[in-house]
Amino acid sequence: MGTGSEMTDAVPILLTGAEIAERVRELGVAITRDYEGRSLVMVCVLKGSFVFAADLARAIGLPLRVEFLGVRSYGQGTSSSGVVQITQDLEHPIEGEDVLLVEDIVDTGLTVAHLLELLRTRLPRSIKVCALLHKPARSCTPVPIDYLGFTIEDRFVVGYGLDRGEAYRNLPYIGVLDSVT
Ligand code: IMP
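Numbering (this note's numbering), first residue to last: 1 to 181.
As structure tokens, then:
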């Protein structure tokens with residue numbers, strides 16, 4: 001667990017707050033256009049997507065409700081094993097709803113693949129994926145990302161909701177921590 005002192009060391013910027021804001025605005029416009037006349041259920045994957053989801057929700061001009069799905073993935077160090085434990089389930093059913101699964105980052109793809117499989121068993125009308133970041137270099141399983149913010153190289157990133165050991169989530173930009181192995 002971080003002490004907070006990490007925040008005093010500058011983390012090199014990969015994406016500025018302004019770049020992220022502009023891209024989130026564009027994603028909101030595209031989602032609003034694609035679901036015109038319908039309403040949406042945003043399923044936000046905790047914890048990492050909480051900042052992105054908050055901004056994205058306000059960029060979408062549709063009636064929507066927000067649900068949170070708490071997950072813990074068991075992995076080796078910083079890599080995912082795809083074994084996902086649900087730590088907090090949805091509050092309401094999603095049967096017959098148009099669902100948008102909101103993820104901070106798709107790395108190996110195993111987490112999103114698992115969550116899609118789980119959510120489909122609950123019979124939504126449709127389900128799409130919106131991810132802020134994608135690292136295609138590490139992809140293990142093909143996952144459909146219907147709305148994508150940025151494709152990035154295989155580097156460990158923090159900020160804008162993303163953490164390392166629970167630290168850095170409140171950085172207002174996305175930075176790179178290459179010291180992680
Ligand atoms: P996947 O199952 O490998 O796609 O893992 C996705 C999850 O791993 C994300 O929701 C993050 O919690 C975490 N993750 C993957 N890459 C990073 C990163 O660069 N920084 C912070 N978390 C990451």
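A virtual CB, placed ideally from N, CA and C, is assigned to each residue, including glycine. Predicted, not measured: the structure shown is a model, and the values here were computed from it.
| message | Can you confirm whether the region 12 to 19 touches the region 44 to 64 when touching is taken to mean that 3 or more C-beta pairs between the two stretches lie within less than 8 Å? | response | no
### Query
Taking the alpha-carbon positions, what's the L116 to P144 distance?
10 Å
- Message: Using only the alpha-carbon positions, how far apart do V106 and T32 sit?
- Response: 22 Å
To the nearest whole angstrom, what separates the beta carbons of R65 and V41, a pair I think is in contact under 8 Å? 6 Å
> How would you label F136, buried or exposed, when you count the other beta carbons within 10 angstroms and need 16 or more for buried?
Replying inline: In the sequence as displayed, the identity of residue 136 is Pro instead of Phe. It counts as exposed.
Best match in G37, R38, R72 for proximity to E166 [C-alpha to C-alpha]: Ranking G37, R38, R72 by Cα distance to E166 puts R72 first.
V51 - DSSP class collapsed to helix/strand/coil: helix
Cβ shell of A113 (< 6 Å), same chain only, five flanking positions each side left out: Closer than 6 Å at the Cβ level, and outside the excluded window around A113, lie T141, V143.
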